[in-house]
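The working numbering puts the first residue of the sequence shown at 475, with every later residue one more than the last. Built from N, CA and C at the ideal position, the CB exists for glycine as well. Since we're looking at a predicted model, the values are computed, not measured. Heads up: the structure comes next, in structure tokens.
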Amino acid sequence: LIHYQWLFKLGPSTFGMEILSNTKNSRPCDIDQVDSIDHIKQALEVIGVERLDHGTNIVENSDLVDFVNQKQIGMTTCPKSNSFVSADMKGKEITDLLAKGIEVSVNSDDPAYFGGYISENYWALAEAYDLSVDQVVQIAKNSFNSSWISDQQKRNYVQEIDDFVANYDFEGSVAKFSKKSILV
475 LIHYQWLFKL GPSTFGMEIL SNTKNSRPCD IDQVDSIDHI KQALEVIGVE RLDHGTNIVE
535 NSDLVDFVNQ KQIGMTTCPK SNSFVSADMK GKEITDLLAK GIEVSVNSDD PAYFGGYISE
595 NYWALAEAYD LSVDQVVQIA KNSFNSSWIS DQQKRNYVQE IDDFVANYDF EGSVAKFSKK
655 SILV
């Protein structure tokens, strides 16, 4: 992951553009900041990111949501760290984006500081927003589909998820999700 601030200081250069053209890139667009939509728009249209990190404020601009959907740009979210900024952990935005077909994934952000690795982030979102099995499965698939592994690896991991879901006894579990089952 490259941080681009130094490129903006240098201005566009052949060297800088060559680096950008030969790397996978994402850009953090932290939630509820001044000019969040402008930052998201710049990340998408100027930098041309292949993944947008934290940018759930994108729901404020339907054209940008459509752009991300059309270009299949993945979005990472971190519900536990979001809860430090927004009491609702941006869960409504996450579920709205998921419902619109955006490749939104759940991740951790500084786990020691924010108190949760990926499984705790899944759990917090699933519990607070009563996510269905299908929603959690889609989020897990999105995490692979929006990653920078090979297409074959993506297919393999998504197939592993499908195989797990096909063989898991959801009916026999006490609740849709239990902390124990998510943390395993």
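{"Item": "Per-residue burial, V523 [other beta carbons within 10 Å of its own, 16 or more giving buried]", "Value": "buried"}
{"Item": "Start and end residues, alpha helix (DSSP H) containing L538", "Value": "536 to 545"}
{"Item": "Where S510 falls: helix, strand or coil (DSSP)", "Value": "helix"}
{"Item": "Stretch pair the region 525 to 534 + the region 566 to 582: three plus CB contacts closer than 8 Å", "Value": "yes"}
{"Item": "Whole-angstrom distance between L538 and F440, CA atom to CA atom", "Value": "Nothing in the structure corresponds to residue 440, since the chain is present only between 475 and 658."}
{"Item": "Beta-ladder partner(s) of D579, from DSSP", "Value": "Inspection of the sequence shows that residue 579 is occupied by Ser rather than by Asp. BP columns for S579 point to T550."}
{"Item": "Beta-carbon gap between P579 and N616 smaller than 9 Å", "Value": "According to the sequence as given, residue 579 is Ser; it is not Pro. It is a contact, given that the beta carbons lie within the stated cut-off."}
{"Item": "CB of G565 within 9 Å of CB of Y591, strictly", "Value": "no"}
{"Item": "Delimiting residues of the alpha helix (DSSP H) encompassing F644", "Value": "Premise fails: F644 is in no alpha helix (DSSP H) and is neither H nor E."}
{"Item": "Every unbroken alpha helix (DSSP H) within the region 598 to 631, with a cutoff of 4 residues, ordered by chain", "Value": "607 to 619"}
{"Item": "Y591 in three-state terms, based on DSSP", "Value": "coil"}
{"Item": "Nearest to I613 (by Cα), restricted to the options D625, W597, S624", "Value": "W597"}
{"Item": "Collapsed DSSP secondary structure at K566 in the structure displayed", "Value": "helix"}
{"Item": "Which of helix, strand or coil DSSP assigns to K447", "Value": "The question about residue 447 has no answer, for the chain in this structure spans 475 to 658."}
{"Item": "Own chain, CB closer than 7 Å to F618, minus 5 neighbours either side, in chain order", "Value": "K628, Y631, V632"}
{"Item": "Separation of V607 from E645, as counted between CA atoms", "Value": "11 Å"}
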